[in-house]
Each structure stands twice: as C-alpha cells, then as structure tokens.
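Written out below as structure tokens is the structure these notes cover.
Residue numbers (the numbering used here): 28 to 443.
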C-alpha cells in the first residue's frame with residue numbers, strides 16, 4: 028500500500044500497488060506528452076526564425092541586386108541595346124539562381140522539421156515499446172515463477188505420496204535395510220576423498236550374541252588407530268502398531284561398542300519423528316552411556332567428521348603426553364641407577380665395616396688368630412678397594428648412557 032497526499036486539499040489517501048502503478052503511468056505519460064509538445068514548439072519557433080532570417084537575407088540581397096541593377100540600367104542607357112539585353116539576361120539568371128537557393132532553403136527547412144518531428148516521435152515510440160516490453164516481461168516472469176512453483180509443489184506431493192506408498196509396502200526389516208543403504212551410500216560418496224584410511228563395513232561378528240550394524244575405524248599412515256565408532260541404524264513404518272523409542276536401543280548399543288572395542292557409539296535413528304529433542308540435530312546421550320550420540324540420517328556424515336576432528340586433536344595431545352611420559356621414564360631410570368649404586372656401595376661398605384670389626388674382635392680375643400685377622404683385614408681392604416674402584420669408575424657418561432633425556436639435562440647444566 029502507498030500513501031498519496033493531495034496537492035490541493037493536503038488530504039492523505041492510500042492506494043494499493045496496482046493503483047499506484049496506474050497513477051504513476053498516467054503521470055509519466057502526461058509528462059512525456061508535455062515534453063514532446065514543448066520540443067515541437069521549440070522546433071517550430073526555430074523553423075519560423077530560420078525562415079524569417081532567410082527571407083530578410085534574401086530581401087536585403089534582392090534589394091541590393093535591384094539597386095545594382097538600376098544603377099547598371101542607368102549606366103547602360105548610354106550603351107547599345109544589345110549590351111543592355113545581355114546584362115538583363117544575366118541578372119535574370121542570377122535571380123533564377125537566387126530563387127532556386129530560396130527553394131532549396133525551404134526544402135531543407137521542411138526536411139529538418141520533419142526529421143526532428145520523426146526523431147521525437149521515434150523516441151516516444153521507443154519509450155512506449157520499452158515500457159510495454161518491461162510489462163510483458165514482468166507478466167511472463169510472474170507466470171513462469173508461478174508455473175515453476177506449481178511444478179515443484181506437484182513433484183513434492185508426488186514424492187510424498189510415493190514415499191508413503193513405499194513405506195506401506197516395505198516390511199520392518201526392509202525399512203531398516205533402506206536406512207542402512209542410505210548411510211552406506213552417503214559414506215561411499217566421500218570414501219575416496221575424505222576417508223581414504225577409513226574402514227566402514229557391516230558388523231558380521233555375532234559370537235558375543237549380538238552385533239551392531241556398522242563399524243567405522245580409521246588409522247594413520249603408521250597403522251595407529253585414530254578413532255572407532257559403532258553404528259546402529261533404526262527405523263520403523265508409520266503403520267507399525269507398537270512404536271519404539273530411541274532409549275530402547277541404547278543399552279544394547281553400548282554393549283556392542285564395548286564388546287567390539289569401539290571408542291564411540293552412534294544411533295542413526297528415524298524413531299520418534301515428532302520429538303523436538305531428537306530433531307534438533309546431534310544429541311549427546313553421554314549422561315546415560317559414555318561416548319554415545321543419537322543423530323538423524325542427515326547428520327550421519329557430520330557426526331563422523333566432528334568425532335574424527337576431535338580424535339585428530341586428541342592424537343596430538345596423546346603424542347605430547349607420551350613424550351612427557353618417556354621423559355619421566357628416563358628420569359626414573361636415572362634415579363634407579365643412582366639408587367642401585369647407593370645400594371651397592373652401602374653393601375660393600377657394610378660388608379667391609381663388618382669384616383673390619385670382626386678383625387678387631389679377633390685381635391682382641393687372641394694373638395693366635397692373627398693370621399686369620401690378617402686375612403680378614405686383607406679381605407676388608409679388597410672390598411674397600413672394589414668399592415673405591417666402583418666410586419671412581421662411576422661417571423656421568425655411564426649414568427647417561429642410553430638415557431637421552433638426562434644427557435640433554437647434564438649438557439644444559441654444563442653449558443650454563
């Protein structure tokens with residue numbers, strides 16, 4: 028709707044789009060006719076001015092010629108009649124030429140006026156033709172859009188009827204297999220480009236008493252597993268008397284995931300079609316069962332991509348954690364070597380100390396046991412020598428042998 032204000036009474040009245048377009052068209056036609064009339068008036072004035080100027084120039088020229096002719100007649104009166112006749116003939120010829128020029132100017136003026144009028148009329152006709160063409164294009168476009176939407180609506184209605192008929196004809200098993208086939212086809216479309224290292228096949232192992240529908244596993248180039256997903260596809264006919272719920276299958280799916288050693292479990296379901304909770308997209312049910320999701324078929328590829336990207340980042344964190352663990356193992360091995368050395372040294376020292384005390388006791392007890400005491404002392408000395416040799420033989424190089432982490436730390440201390 029458009030608001031229009033009357034220029035006389037200043038009253039506002041409202042017209043619809045069609046009425047507004049009609050008024051606008053009338054205003055444009057009136058303006059065009061007014062512009063055309065003004066241009067014709069200007070052209071007519073220019074033509075009148077040009078004629079008047081030509082007539083004035085011709086009149087002046089003729090007056091000058093007549094004056095010159097009278098002067099020549101007066102001068103030639105004294106001459107013979109033949110010369111006078113020749114001059115008169117010459118003047119008549121000049122007059123004829125001037126008349127021919129005047130006629131030519133009149134013709135050019137008429138042609139200019141005609142050409143200007145034709146140009147204005149052609150321009151007006153062009154505007155009208157363009158306006159008519161635009162109106163026809165808008166009508167044709169409106170008809171085309173209307174026909175297009177009618178065809179699409181009819182096609183969708185036919186598709187809905189076809190699906191309804193198919194659902195009525197399919198058994199419960201066939202409906203489930205149709206959903207599985209849909210997911211498998213969607214995955215195979217991207218297998219060669221996005222999932223080159225992935226395994227996605229039906230779970231045919233029922234040794235444990237149950238099995239899922241599909242297992243997805245992906246490894247890196249070194250053969251390390253990045254992610255694994257157990258998939259279960261569930262669907263049912265609209266005519267099924269007993270309606271199943273998604274929760275009815277979560278426990279069995281978690282059991283299958285655990286038995287097949289999969290990291291995640293995903294239920295691709297068309298059950299509870301009217302549930303806003305399950306229709307909102309990817310539903311996380313990890314509060315019921317760990318690492319489990321429920322999705323509609325249209326989010327089948329998206330859930331694989333999301334879990335896969337998360338697993339890729341997790342692999343980086345695992346690699347960093349493994350590096351830290353290896354460093355901790357190196358430090359632990361170094362500490363174990365130090366402890367082993369301490370234990371060995373303590374044992375040697377304890378043994379030497381005990382034998383030394385035994386020797387002193389033997390000396391105090393009896394002189395007769397001097398040789399025996401001497402042997403004990405020699406044995407103690409030998410143990411001390413071995414302990415000393417072990418202490419002197421202990422080097423940083425030996426302690427850090429096979430331990431790159433501690434070697435790097437001692438090299439850093441040496442640099443400082």
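C-beta: ideal position from N, C-alpha, C; glycine also. The structure presented is a predicted model; accordingly, all values stated were derived computationally and were not measured.
Check: Environment of residue 239 [buried if 16+ CB atoms lie within 10 Å]; Outcome: buried
Check: Assigned secondary structure, residue 275 (DSSP; H/G/I helix, E/B strand, else coil); Outcome: helix
Check: Exposed unless 16 or more other CB atoms sit within 10 angstroms - verdict on residue 162; Outcome: exposed
Check: Exposed unless 16 or more other CB atoms sit within 10 angstroms - verdict on residue 243; Outcome: buried
Check: Among 114, 278, 303 and 332, the one whose alpha carbon lies nearest that of residue 220; Outcome: 332
Check: Contact between the region 246–266 and the region 290–305 (3+ Cβ pairs under 8 Å); Outcome: yes
Check: Local Cβ density within 10 Å of residue 121, reported as buried at 16 or more and exposed below that; Outcome: exposed
Check: Proximal residues to residue 232 (C-beta, below 8 Å), its chain only, five neighbours per side dropped; Outcome: 238 and 287
Check: Span of the beta strand (DSSP E), counted from its first residue to its last, around residue 226; Outcome: 225–229
Check: Nearest-angstrom beta carbon gap, residue 272 and residue 298 [assumed within contact, 8 Å]; Outcome: 6 Å
Check: Inter-stretch contact at 8 Å, needing at least 3 Cβ pairs: the region 334–345 / the region 298–315; Outcome: no
Check: Run of the beta strand (DSSP E) containing residue 291, from where it starts to where it stops; Outcome: 291–296
Check: Length of the line joining the Cα atoms of residue 433 and residue 279; Outcome: 50 Å
Check: Pick from 283, 65, 52 and 208 that is closest to residue 327, judged by C-alpha positions; Outcome: 208
Check: Inter-residue spacing [alpha-carbon to alpha-carbon] between residue 165 and residue 146; Outcome: 28 Å
Check: Rounded straight-line distance, which links the Cα of residue 174 to that of residue 183; Outcome: 14 Å
Check: Selection from 315, 85, 158 and 322 that minimises the alpha carbon distance to residue 306; Outcome: 322
Check: Any C-beta of chain C under 7 Å from that of residue 296; Outcome: Protein chain content of the structure displayed is limited to a single chain, and chain C is not contained in it.
Check: Ranges of the alpha helix (DSSP H) found wholly within the region 298–346, counting only runs of at least 4; Outcome: 303–306
Check: Distance CB(residue 453)-CB(residue 85) smaller than 7 Å; Outcome: What is shown of the chain runs 28 to 443, which leaves residue 453 out entirely.
Check: Where residue 252 falls: helix, strand or coil (DSSP); Outcome: strand
Check: For residue 245, the first and last residue of its enclosing beta strand (DSSP E); Outcome: 241–246
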